[in-house]
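Chains X and F are the protein sequences, given in the same order.
Quick note on numbering: the numbering used here labels position 330 of the first sequence as 413, and the sequence is numbered without any gaps.
Quick note on numbering: the numbering used here labels position 107 of the second sequence as 190, and the sequence is numbered without any gaps.
Ideal Cβ positions, reconstructed from N, Cα and C, are used throughout, including at glycine.
None of the values given here were measured: they were computed from a predicted structure.
There are 2 protein chains.
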Amino acid sequence: MDRKVQRRVPTAYLPSVHWESIASDGAARTGVLRTGHGAVRTPAFMPVGTLATVKGLEPRDLRELEVEMLLANAYHLTLRPGEETVRALGGLHAFMGWDGPILTDSGGFQVFSLASQRRIDEDGVTFRSHIDGTELRFTPERVMEIEAALGADVVMAFDDCAPYPCSEGDAAAAAERTACWAERSKAAMETIAAREPWPWPQRLYGIVQGSVVPRLRRESARRITSLGFDGHAIGGLSVGEPKELMLETLDVTVAELPADRPRYLMGVGFPEDVVAAILRGVDLFDCVAPTRHGRTGAAFTREGRVNVENARFTTDDAPIDQECGCRVCRTWSRAYIRHLFRSREMLGPRLLSYHNVAFLVDLVAEAREAIERGEAGPWAARWSQRYLAAAEEVPCA
Amino acid sequence: MDRKVQRRVPTAYLPSVHWESIASDGAARTGVLRTGHGAVRTPAFMPVGTLATVKGLEPRDLRELEVEMLLANAYHLTLRPGEETVRALGGLHAFMGWDGPILTDSGGFQVFSLASQRRIDEDGVTFRSHIDGTELRFTPERVMEIEAALGADVVMAFDDCAPYPCSEGDAAAAAERTACWAERSKAAMETIAAREPWPWPQRLYGIVQGSVVPRLRRESARRITSLGFDGHAIGGLSVGEPKELMLETLDVTVAELPADRPRYLMGVGFPEDVVAAILRGVDLFDCVAPTRHGRTGAAFTREGRVNVENARFTTDDAPIDQECGCRVCRTWSRAYIRHLFRSREMLGPRLLSYHNVAFLVDLVAEAREAIERGEAGPWAARWSQRYLAAAEEVPCA
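Encoded structure:
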């Protein structure tokens, strides 16, 4: 078994403090998240490895990029290959060959965005798989079984993610259900963890809902934070609402979250949104944008997004981003990457995904430095101004 | 410019002896090919990087796999991105970030297999691009211009590759044309190289044709070898003829090729064929099989080809090939790679292409060792017996 690097996990490392603050500047803060698979400097960006692979990238690439934590999806993994298969193969870390920290999302968002013929009741959700139409049922207890079998370092409670827009009544009902399910998730996880523990702790985070209604967000935050989770997530944002409304809702919500636990803004990862949320005190981010954009030829650069298939790059010997130090920018020209995309060569999506993840990782690293210098505000203003001023319209999936 | 590793090429390295023999065992031999971008131990397997990328793999991967030489295609590269674009970006090596030896095929085979509305005359071929139908014309002189602009270390003369089956008359006409075009290719290349030299030599190889007709093969070999090429290729095989006929034709042809120049069997790369051809004195091979099979889920293993999507691998924690030491086999299980293919994740084709290239590289390395021990025959018999005995039927593109 020792051919697998990822099997070398600490077996008795149970850090008592999950997250510690290092520095703060206004609401923005830096810290360190400790897990059984290593530490994560926050603010941190987690690339999305939905099906136990960050599309097109290997764990070695992610290490090289100084990615410190990944996200995977309980919903997708229970469908393929099934959580018991993953457990039998040593859990997610061993299965995918990544020995760093992993967070699994509970599937609340996916059930509401991907599954069909959804019927919700107070106990859970019945739905059909987006792959083959098989009928499945998720309850908080069932989802905790799945996440326990996968063995991630941080697992999310099962939530009801209201769409945008929705009526205040629907938003209130979803927030109420989310609170009940959070309590049941916590109770279930405690039972399961005691029965079949991994050699590392699985930290459970609660999710705040409430759509864009300040009163509901405050109520949801108070109920969720009263339950004693290891961290708190802000769900139900970046689902189509205007940016200002997202930031206002974020302000209202973060104000209710305790300062001594990590705060995770789910699904947010456009660079400008990450900068804005870091200023507001968010510690963790995830988003498919770097890899999804990377697959379609959209590159993040310090001067905005560019489409690498643009004809002006035909003989351009410069790297994708002149200020980026990633291996792709050190090695290949825009002209070459354009050629790969024009020729539909699979190396193109890989190289651009690599660069885009580097871009997000660099962004949070710069933010941490700015916070620690006490210059978060000015840094964020300069960064965003430059990024947004020059942005070109890019078709993104 | 020094951010590009590949720019560091020797500027005054002009090895006077292109290929030197090291050892021989019967007809089989080992040697070393010297180029301005480094040495290549022969017998060698060249992965195919048609469009200046070995599909799914980076130059770093290929180095790590101890690949020593790549093949790229003049036909494809003149269509996309165009040889002048490649030249403007520093040539193929700089363009694709590979600082090792490269061989370009002349497009003879591609014009006859991919292009449409082909009209052949004694001077050249007029055809339509398989991409957009543009009318193009290849003559020996035009193809040498393309290959000179690309800047590979070894370039192939322009040939007329007869299909299989074909009449003896057609085979004779194609062989005759190939001989005329070989002479014109050589004259053209000498003129071009004198006019616009790269800092490294471009060695020119002639191609022997003649279908499966022994008399034609012998005549073609005599005419081609009389022209003073740096190396000799055997074209027009592995185009649909039965294996025995391929090997008989190979025997007839190799007997006519001088022992002091490298011999290249074009387009052959199925493991069992590589073993058989090495025994007959072939030094260089190329084939899309490792990467094409890798993309479709077919894995080369020492016990034959296997389909990684096979249900028996669902929870199989073993590597693709138990005896393979490549990074993929050291890191991931069959179960994980099966999951990637079942989920249509792009990492699957990448990892399996990597392993399959490792398999061919290991195969030629084993062959070299066997030849140097004087055990080529017994080694080949053992190797083939094991590989072919256990092979399962695998769907391959």
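query	result
Residue-level contact to chain X via CB, residue 101 of chain F, 7 Å cutoff	no
Residues near residue 161 of chain F by beta carbon distance below 6 Å, same chain, minus five either side	229
Straight-line gap, residue 409 of chain X to residue 369 of chain X (C-alpha atoms, nearest Å)	20 Å
Contact test: residue 105 of chain F Cβ vs the ligand NAP heavy atom, cutoff 6 Å	Looking at this structure, you won't find the ligand NAP or any other ligand, since it has none at all.
Proximal residues to residue 249 of chain X (C-beta, below 7 Å), its chain only, five neighbours per side dropped	294
Minimum Cβ-Cβ distance from residue 180 of chain X to chain F less than 7 Å	yes
Contacting positions in the segment 390-424 of chain X - beta carbon closer than 7 Å to chain F	397, 398, 400, 413, 414, 415, 416, 418, 419, 422, 423
Residue span of the alpha helix (DSSP H) that contains residue 437 of chain F, given as start and end	430-455
Presumed contact (8 Å Cβ cut-off) between residue 136 of chain X and residue 145 of chain F, rounded CB distance	Actually they do not touch by this definition, with Cβ atoms about 22 Å apart.
Distance between residue 359 of chain X and residue 243 of chain X (C-alpha atoms, nearest Å)	25 Å
Supposed close pair residue 127 of chain X, residue 367 of chain X - CB separation, criterion 8 Å	6 Å
Own chain residues within Cβ distance below 6 Å of residue 399 of chain F, not counting five before or after	417, 418
Spatial neighbours of residue 413 of chain F in its chain, beta-carbon cut-off 8 Å, leaving aside the 5 residues before and after	402
Separation of residue 438 of chain X from residue 140 of chain F, as counted between CA atoms	16 Å
Cβ-based burial, residue 317 of chain X [other Cβ within 10 Å; buried from 16]	buried
CB contact check: residue 138 of chain F to chain X, cutoff 7 Å	yes
Status (buried if at least 16 other CB within 10 Å, exposed otherwise) for residue 109 of chain X	exposed
For residue 363 of chain F and residue 114 of chain F, the rounded distance between their alpha carbons	14 Å
Which residues DSSP lists as bridging residue 347 of chain X, in chain order	X:316, X:367
Rounded C-alpha distance that separates residue 377 of chain F from residue 440 of chain X	26 Å
Nonlocal neighbours in the same chain, by C-beta distance under 6 Å from residue 291 of chain X, ignoring five residues either side	303, 304, 307, 317, 336
Contact with chain F by residue 163 of chain X, beta-carbon distance below 7 Å	yes
Given 8 Å, three or more beta-carbon pairs between the segment 265-275 of chain X and the segment 222-237 of chain X	yes
Own chain residues within Cβ distance below 6 Å of residue 411 of chain F, not counting five before or after	434, 437, 438
Short CB-CB distance (under 7 Å) between residue 168 of chain F and chain X	yes
Contact check, residue 299 of chain X vs residue 258 of chain X, beta carbons under 7 Å	yes
Cutoff 7 Å: residue 428 of chain F Cβ touching any chain X Cβ	yes
Nearest candidate by alpha-carbon position, reference residue 172 of chain X, set F:174, F:422, F:333, F:345	F:422
Per-residue DSSP class, three states only, for residue 90 of chain F	At residue 90 of chain F the pLDDT is 37, less than 50, meaning the model places this residue with poor confidence; the figure from the coordinates comes in the next sentence. In the structure shown, residue 90 of chain F sits in a helix (DSSP, three-state: H, G or I).
N-terminal and C-terminal residue of the beta strand (DSSP E) that residue 105 of chain F is part of	102-108
Alpha carbon of residue 347 of chain X to alpha carbon of residue 191 of chain F, nearest angstrom	58 Å
Whole-angstrom C-beta distance between residue 320 of chain F and residue 365 of chain F, which should lie under 8 Å	Going by Cβ atoms, the distance from residue 365 of chain F to residue 320 of chain F rounds to 11 Å, so no, they are not a contact pair.
Selection from F:387, F:212, F:354 that minimises the alpha carbon distance to residue 165 of chain F	F:212
Cross-chain neighbours of residue 259 of chain X in chain F, by beta carbon under 7 Å	Within chain F, no residue comes near residue 259 of chain X; the closest Cβ sits about 35 Å away, beyond 7 Å.
Minimum Cβ-Cβ distance from residue 134 of chain F to chain X less than 7 Å	yes
Alpha carbon of residue 254 of chain X to alpha carbon of residue 326 of chain X, nearest angstrom	19 Å
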